[in-house]
Structures are given as C-alpha cells and as structure tokens.
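Structure first, commentary second.
Chains as they are written, first to last, in the working numbering: chain S, 855 to 1477; chain Z, 633 to 723.
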C-alpha cells in the first residue's frame, strides 16, 4: 500500500543555511507560491527517501523565536502549530542550525520543543564547523535536547544522506497522535532562562573553536571600514551595472537574430495577409523583443543572489543604515530597495523584514523608483539608438555611463522622495531600531544560485508568455484594425484604432515631446514597462513594413529627435507604468489610498521630469 | 554575587569605542530611549544573544556618528544602533 505523503517543515534562524538544505533535498522540484491572504512566499519541494517514501518539505521563513513579530514570523509560528489556514500540520519539524553558530538555534529549538511536534535538529554546514575546530558531541547533544540530531553538509553531494535515512526511521515510528502543544509566548525571564539552558547545553556538548573564522574578520576589516567599505559598495554596484549592460550584449544579439530568423521564416512560409502579419509582427517581434532581455535579468539576479549567499547584503545594510537614515530610511530597507533593481514586486514583498510600519510604508512608496529590470529594455533601446558607443576617459563605455546615470537618478530621487515623506508626514516619531546578524562569509553555492536564477527566469518567461503576450495581441489588433481603405497611400497604421487613441492623447503629451506613436506604446506599457518596446516595434513595424521590425532602434533614431529620446528616458525613471507593482502595493499596504498616492506622485514626477528634460534639450538645440 | 569585573566600572555598550571588549552585566531597556517597548527591546536583544555573561567586542563603527556598531557577541556578529546598545550594560 502506498504510504501517505510525509510532511516536513524546515525551521531555523536567518542565515542557518535552511534554504541551501532545502535546495539540496529537493533540487528543482520546487513550487513557489504565496500563503493564502498574505504575501509571504511559500516554498514547497518534494523528494523521495531511500525507502521510497514520498516527502513534501516546506521552507518556512527564518526566525529567532516563535513570538511572531512580523507576517513572516507569524507564518512560521502558525505553520508549526498547525494553525496556518489550509495547511497540513507538519509530521516532522526539521530545525536547521548553522553548526558554527549554535547558540541562537538551540534556544529556538528549546522553544519549538514545547509545541510537541516531532522534531529533528539538523547540524548544517558541519564541514565548516569541523574545519574551524568546533567539536560537537552529537550523541550527547541529542540526549540533552531530547530530540534526534543529525549532521548535514547541504552543499556536498550525499551530504544529506544521514538526514534522509533518519527521516525514514522516524517516519516509520511516528505516533498517530503527537504530544499536545504546550507552547505559549515566552516572557522575558523565560526567554532568558531558555538562553541560559541553551548555553549550558552548548558548554557541555560543544568545544568551541580554537581557530575563529579569520577570513570573515579579515574581509570585514576592509568591507566594513567606514570609508573603504563605502568605496567597495560603490564599486560593486558600478560593476554590476556595467555587467548588466556589457556582458549581456552578445547573448542578446544572438537571441535577437534568432527571433528575426524566425520572423523571416514565418514571412517566407505563410502567404501575405492577416495571419502572417499577426504571427510575425504581433507574436514573434512582440514577445521576442521582451525575451531578448532575459540575459540582463539573469545577470542582475546573479549578482543579487551571489551577494546574498556570500553574506554581503547584511554588511551593505550596516554601511547604509545611517546614510539612508538621513533620508528617513531604515538600514534594512537597503535589501528590499536593492532587490527592486531586479523587480519592484519582490522588493516590495521583501519590505516585510522591516518591522516598523512607517519605515516599511516609506520603503514601499519609493521602491518603484529603483530602476527595475523591466526598464532595462526601454533604456537599452533608446541608449543604443541615440548614445554613441564610444569610450570616455579611455575605458568607460559612454552607453554604460548613461545607464549608470539613469540608475543614479532613480536612487537620488527615491532618497529625496523619502526625505520629503519623512519631513512632511511622519515627522515626529522615534526611529525604529536596527538589529541584524552579520553572518560569517560563505562561498556562494553554485547549485543554490542556479536554482534561484532558474525560478526567477521561469517567472519572467511565464510573464512574457501570458501578460505580455496578451498585451501584444491587443496592441497588434489595435494597430491593425480597422484596415486602410483600398488604394490608400498612407501607412496602414494611420487608419487604426491605435492611431486614434494615440492622437487623442497627443495634445497631453506634446509638451514633453512625445508623438502619437509613443502615446500608443505607453498604453500597454501600463501593464508592464517592457511592453512599450515591443509596442513601439509593432507600431513602427506595421507602419514601415518588414525592414522596420528588424531594427527598432534604427527606426527610432530616424523618427525621434534627441530631445524626445531624452524625455522618454526621463519619463521612464518615474512613470508608474506597472500594473503588477501597483497591485502589490495595494496588497502590502492594505490600502487603495496608498496605491493611488504612489501612482499619482510618480505620474506627476514623470511628467515634470520629461517636461524639463525636453525643453532644456530643445533649448540646447537637440530638438 | 561575586564578579571578576567588579573593578571595572559599568557602562552602556552604546558608549563603547571601537576595540572595546567586555562582558555583559545586565540589560536595562528602560533608559535606552529606543522606539521599542521595554519588553520588546529586551526580548530582541536576548534573541540575538545579548545575555548576561556574554563576551562582547565592538568590531566596527559606521561612518555617520560612529553608528551603527558591529558587535561580536561570543561567536557571532550583530549590527546594532548605539541607541539600542544603550540598553546593554557591560563591564
């Protein structure tokens, strides 16, 4: 008889290596979703034990205790207690510890034990502990704690074998009715007593390192140096943005010519007509022009994941805390804001690590100003069409420099907006505390990085395949119907619905130098910023025929003035053109008001920035 | 209670310079001036390992106002602002 699915839950402090253990156990068999009603990421994976038992494992948000001070921590608590709505009570809780740093996890485990759930302590990163001369008496530890203890090396092949075997053993003798839950929130004195108990157990079972981690100390001497640290941070960010622009180029060109070839093939195979136009101009050139940006998105996530895995992100928060504090931001806002460079949606969701409501709200409001990867397609297109690819001062690519400038403009305006919010709205309140563990540095694990990039690339492609695809179909439809009357000499698009909408909006956008084609492209761009590129492609391709679709940039260079191009760049720094971001803001703040406020302030800034840019550029002779 | 550090004067960790080493004597969240309630601040400090008897060393300081500080607490490193570190009495 087939045994029912065994439910495991991973619990641990932040930085305990929980996620790398999760990746080691499940590989790519993962499902990422949200817990019902809250926007906490729910990661579930599946694997099979050596004895063939099917297992589901959930990677719960990291926490230091079961008190539940944030939505993430509440999920962990409710899940373990079996109170999370729609969730199965875990059959077995795996409490994951960083073997080099047991104090906080042992205390957490003592608290977890009160819930009565069957439990195992997993001493993860055991190899690093051994290398540092930390000696753990595993048998004694298990006896003292009253739970099975198993060592694991999540990053090594076969490093979880003992854990798998133990899972089989335990699942064979799991009681039908587990012990009752005796957990309740700990008072300060109970908390202190548990920490004392944990320290006593550790003193009995663990011989502490004769060799502390000298590498972390050495790196920190540079990286956390008040001045040197900031220089290092600036360098890292600069390299990251140069890489996004320069490294991705060959791959993007490859993808581009691939889609062109596909378009040509369709063009050559199908008879001229609506179907041919739909496939070539609507589907292939539309979706293709978005998928082309996959390499850049992969590179930006590669950097973010590497820095996170290495342990640098917490340092960046430390360095930036007071500097961002000057603009009314919390040091912890640094990580959500940095994630917003990839996409504001995970960035806004990551603000949940900020406990203070007002700090969190400020961060949410400015996160969309960070240059997300969806703007990259638009920036890249315009920069490569209008900015010459020459080197300045011998080694810096001018195009890369403009890109860096656009990012900087986003950051500076975000800081200014935050400062204004703090000054006018949230004037009198004491700043929330900043308390953060600075984990020891660890070599990033290639497998974790690959899985992380894979899941994000999949999300991007899924979006390209659904939202963006349907927007492209809509745009193609608007741009193709009604068809021009027989015998007309003007381009077909002049007769279409798209032209009507665009021309209706033109008077509004004329002061910032936008023509009606841009107005058409901005409408679907509301759904997702990058769609504007594809929409421009569609609009101009349909207008100019096959040649235009091949090089949108070349077409733009002939149709737009430099002033219009710069105005478009300025618009894109601020414009609230992302329906999904607005939806996430509504969900995370629980308020339509804050969503409307974000939309309005960004739109006003966008219009103002474009107006100034366009008029200054025209005055300087770029019109 | 006899204390080997009796000869050193007690002070809040929030006033310590870089390079300071000492042992936590007690927590006194009331006077720290943190935005958190007394109980909340104390709970959080304990959860991060700031308990009586733990060895602390101030490893790094931020650039603005020498704040925040990175503190070695036994064998982990915690970043904390001086305001909250005022609740940790060391000697």
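Positions of the beta carbon are idealized from the N, C-alpha and C atoms, including for glycine.
Can you tell me which of the three DSSP states residue i falls into?
| i | result |
| --- | --- |
| residue 1178 of chain S | helix |
| residue 722 of chain Z | strand |
| residue 1146 of chain S | coil |
| residue 1476 of chain S | coil |
| residue 1375 of chain S | helix |
| residue 1289 of chain S | strand |
| residue 643 of chain Z | strand |
| residue 658 of chain Z | strand |
| residue 685 of chain Z | coil |
| residue 885 of chain S | strand |
| residue 633 of chain Z | Low local confidence applies: a pLDDT of 46 at residue 633 of chain Z is under 50, so the model's placement there is unreliable, and no value is given. |
| residue 1250 of chain S | strand |
| residue 908 of chain S | strand |
| residue 808 of chain S | This structure gives no information on residue 808 of chain S, because the portion of chain S shown stretches from 855 to 1477. |
| residue 1400 of chain S | Reliability fails at residue 1400 of chain S, whose pLDDT of 48 lies under 50, so the model's placement of it is uncertain and the value that follows must be treated cautiously. Looking at residue 1400 of chain S - three-state DSSP - the assignment turns out to be helix. |
| residue 1034 of chain S | coil |
| residue 701 of chain Z | strand |
| residue 990 of chain S | strand |
| residue 1302 of chain S | helix |
| residue 1384 of chain S | coil |
| residue 677 of chain Z | helix |
| residue 998 of chain S | helix |
| residue 1360 of chain S | helix |
| residue 872 of chain S | helix |
| residue 693 of chain Z | strand |
| residue 1041 of chain S | coil |
| residue 1061 of chain S | strand |
| residue 981 of chain S | helix |
Going by other Cβ atoms of all chains shown within 10 Å of its Cβ, with 16 needed for buried, is residue i buried or exposed?
| i | result |
| --- | --- |
| residue 1044 of chain S | exposed |
| residue 1400 of chain S | Residue placement at residue 1400 of chain S cannot be trusted, given a pLDDT of 48 that sits under 50; the coordinates are not used to answer. |
| residue 1332 of chain S | buried |
| residue 1242 of chain S | exposed |
| residue 708 of chain Z | buried |
| residue 1454 of chain S | exposed |
| residue 993 of chain S | exposed |
| residue 1466 of chain S | exposed |
| residue 1517 of chain S | Given that chain S is displayed from residue 855 to residue 1477, the structure contains no residue 1517 of chain S and the question cannot be resolved. |
| residue 1017 of chain S | buried |
| residue 1224 of chain S | buried |
The beta strand (DSSP E) that contains residue i, what's its start and end?
| i | result |
| --- | --- |
| residue 978 of chain S | 973-978 |
| residue 897 of chain S | 895-902 |
| residue 957 of chain S | Not the beta strand (DSSP E): residue 957 of chain S falls in the alpha helix (DSSP H), residues 957-967. |
| residue 709 of chain Z | 708-712 |
| residue 1184 of chain S | Segment: none, residue 1184 of chain S is in no beta strand (DSSP E) and carries neither H nor E. |
| residue 862 of chain S | 860-866 |
| residue 950 of chain S | 946-952 |
Closer than 8 Å by C-beta to residue i: which residues in its own chain qualify, once you throw out the five before and the five after it? Chain order, please.
| i | result |
| --- | --- |
| residue 1182 of chain S | 1216, 1272, 1273, 1275, 1276, 1277 and 1280 |
| residue 862 of chain S | 909, 910, 911, 912, 944, 945, 946, 947, 948 and 1021 |
| residue 902 of chain S | 908 and 909 |
Residue i lies in the alpha helix (DSSP H); which residues open and close that run?
| i | result |
| --- | --- |
| residue 1130 of chain S | 1128-1131 |
| residue 1026 of chain S | 1015-1026 |
| residue 1427 of chain S | 1416-1428 |
| residue 1137 of chain S | Residue 1137 of chain S -> no alpha helix (DSSP H), and no H or E assigned at all. |
| residue 1008 of chain S | Neither: residue 1008 of chain S is in no alpha helix (DSSP H) and is coded neither H nor E. |
Please go through the same chain and pick out, in chain order, the residues whose beta-carbon is closer than 7 Å to the beta-carbon of residue i, but skip the five residues on each side of it.
| i | result |
| --- | --- |
| residue 706 of chain Z | 681, 686 and 687 |
| residue 1237 of chain S | 1253, 1256 and 1257 |
| residue 999 of chain S | 963, 975 and 1055 |
| residue 1209 of chain S | 923, 924 and 1286 |
Given residue i, which residues of its chain have a CB within under 6 Å of its CB, disregarding the five upstream and five downstream residues?
| i | result |
| --- | --- |
| residue 1222 of chain S | 1198 and 1435 |
| residue 653 of chain Z | 689 |
| residue 875 of chain S | 950, 978 and 1008 |
| residue 1456 of chain S | 1428 and 1430 |
| residue 640 of chain Z | 723 |
| residue 1463 of chain S | 1424 and 1428 |
| residue 883 of chain S | 899 and 900 |
- Message: Along the segment 1160-1191 of chain S, where does the CB come closer than 8 Å to a CB of chain Z? Name the residues.
- Response: 1168, 1171, 1172, 1173, 1175, 1176, 1177, 1179, 1180 and 1185
### Task
Anything in the segment 1075-1105 of chain S with a Cβ closer than 7 Å to a Cβ of chain Z? List those residues in chain order, please.
1078, 1080, 1081 and 1084
Query - Residues in the segment 656-670 of chain Z having any Cβ partner in chain S nearer than 7 Å - result: 666, 667 and 668
| said: Give me the subset of the segment 673-687 of chain Z whose CB atoms are less than 9 Å from a CB atom of chain S, sorted by chain position. | reply: 673, 674, 675, 676, 677, 678, 679, 680, 681, 683, 684, 685 and 686
- Query: Along the segment 706-719 of chain Z, what residues have a CB closer than 9 Å to any CB found in chain S?
  - Reply: 706, 707, 708, 709, 710, 711, 712, 713, 715 and 716
Interface residues of the segment 1286-1320 of chain S facing chain Z [CB-CB below 9 Å] = 1286, 1287, 1288, 1289, 1290, 1291, 1292, 1293 and 1294
* Residues from the segment 982-997 of chain S in contact with chain Z, defined by Cβ distance under 8 Å -> none
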